[in-house]
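To start, the structure itself, in structure tokens.
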Amino acid sequence: MKRPYAVLILLLLLVSNNVFANGVVFNVKDFGAKGDGNSLDHIAINKAIDAAVASGGGQVVLPVGTYLCGSIHLKGNIDLHLSAGATILAAPASMKAYDESEVFGAPEYQDGGHTYFHNSLIWAEGQQNISITGRGMIDGEGLTKKDTEKAGNVQGGSIGTGDKAIALKQCRNITIRDITIYRGGHFAIIITGCEIGTIDNVTIDTNRDGIDIDCCKYLAVSNTKVNTPNDDAIVLKSSYALKKPVFCEHITITNCIVTGYKLGTFLDGTYIPEKVNWVCGRIKLGTESNGGYRNIAISNCTCMWSSGLAFEEVDQGRMENIVVSNISMEHVHHYPIYITTGCRNRGPKERTDVSYGGNISINNVIATDVDSLAGIIITGMPDYPLRNISLSNIYIQYRGGGQPYPSDKTYREQGTNYPEPRWAGPTPAWGLYARHVDGLNLSHIRMETIIPDARPAILMEDVQHERLDDVDTGKTNNF
């Protein structure tokens, strides 16, 4: 009876030391990592990854400690596991610890953050069966930062230092689960041209974008919290990063929380709202949209101190078959719902495609304390209307206080402009403004203002086949 117990004890000891007889678990400290926050540890971590790959794959474990790192090369059949109490700390630029940007070798229609991947803290390209898991943290202190509050004046892309926390390109079967990312750089997570993947139970508190999913298919984002006071939270894109237009399709976003608190205050629990920037938080499709988006489902999400839902197709792609349900928003910046097409056409000049948007359904939405700048915006283009747009079971409470819209002014056509409502100014209606739409179904909608607004509640221009059923604009205004 004693021998089985001895074998069990031996097995437990092997597990506790992260060493299995078949070599599936690799402790980075066995490869020279210090975890003291001062020594550069990415070389040792990469050695552990290479050893795991040589044995056919496995789990590379970072025990408790702070691992100062430059570029970590994630490879096929590897689970990079951050134990609770382990932190990967991005090295400062002065240590020159990051890989150089790869050569793109084509016109860069997309911004630099979407073009280059190798100059990241953790990156993989062309790999399969990869994951980043655990209750540990990635702190991107040394990554690209905003150098000014002015939108657009931002470092990023290929600037000779670390740019993103996690960058995955053309990978398959990917998982990112349970980790926390603080100060994620240009993008905390960017996934481009990848197939079949899951981002689950991840917490992000970062200075620019949270999660960018670009030209991907069969990906699910779930149970994830994203605080982005200065940029977008969860974004689907379809850039020219793969040197051709590629759909972002078959994507689900569910059970997520989006906020716009000051950097770090989501993680420390003080939850201090950030002042209204050009954008805070939000779930968005766009702006890069060369291929477009289709078969997208967004459900069961809450947004606090955030911009509203934004669906933008402006680069000659197609935006279609989008379903949104069960969204709660409070303290909404600029607009609650924004659906638009345009002709920015950020791509090869020889393309003749026209941006298209259609078959979009949004239902079961509650939004309170909404900025009076803009109501719901649904705008297509002259001769190219949005088609089959449906909004149902929606309640929106606006702050109100808007001034009469000038009679000699026309609300800006999207055209070649960057599609941000803030720069178009107040909408002509406080509740809903629609233009160039063929097929608009509004059902069981209530909109009201806290204080009166001098604009009409609803205004439609060049809208055909509209249907309004049980649309109530409250006691302060009627359309």
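For the sequence shown, counting from 1, position 253 maps to 242 in my numbering; every step adds exactly one. Glycine included, C-beta positions come from ideal geometry on N, C-alpha and C.
- When only Cα atoms are considered, V343 and E277 end up about 14 Å apart.
- Between I316 and I287, the CB-CB gap stays under 9 Å.
- Rounded to the nearest whole angstrom, the C-alpha separation of I170 and I193 is 5 Å.
- I32 sits away from I77, with the two beta carbons spaced by 9 Å or more.
- Annotation note: the segment 34 to 60 contains the following uninterrupted beta strand (DSSP E) runs of length 3 or greater, listed N- to C-terminal: 47 to 51 and 54 to 58.
- In the structure shown, S83 adopts helical secondary structure according to DSSP, grouped into three states.
- With a cutoff of 9 Å on beta-carbon distance, E263 and M293 are scored as not near each other.
- The straight-line gap separating the alpha-carbon atoms of I439 and L29 is approximately 55 Å.
- Excluding sequence positions up to five before and after V354, its CB lies within less than 6 Å of the CB of I316 and I383, all in the same chain and listed in chain order.
- Annotation for F300: L274 and I328 place their beta carbon closer than 6 Å to its own, counting only its chain and skipping 5 residues before and after.
- Within the same chain, Cβ atoms closer than 6 Å to the Cβ of I155 are found at I111 and I178, the five residues on either side in sequence being excluded.
- Looking at the DSSP output, P262 shares a beta bridge with Y250.
- Following the DSSP letters along the chain, one finds G297 inside the beta strand (DSSP E) bounded by residues G281 to E302.
- No Cβ-Cβ contact shorter than 9 Å links S350 with V321.
- DSSP, reduced to helix, strand and coil, places A209 within a strand of the structure shown.
- Counting of Cβ neighbours within 10 angstroms places T55 among the buried residues, the total reaching 16 or more.
- Below 8 Å, enough C-beta pairs join the segment 180 to 188 and the segment 200 to 213 to call them touching: three or more.
- Shown here, W412 sits in a helix according to DSSP, grouped into three states.
- Ranked by how close their Cα comes to the Cα of R271, the residues Y250, R411 and D221 have D221 in first place.
- In the structure shown, the three-state DSSP call for T104 is helix.
- By the Cβ test, the segment 115 to 123 is not in contact with the segment 88 to 98, since fewer than three Cβ pairs between them sit closer than 8 Å.
- Its Cα nearest to that of R172, the residue P81 stands out among P81, G94, N212 and S211.
- Closest by C-alpha distance to G364, out of V17, P371, G24 and P325, is P325.
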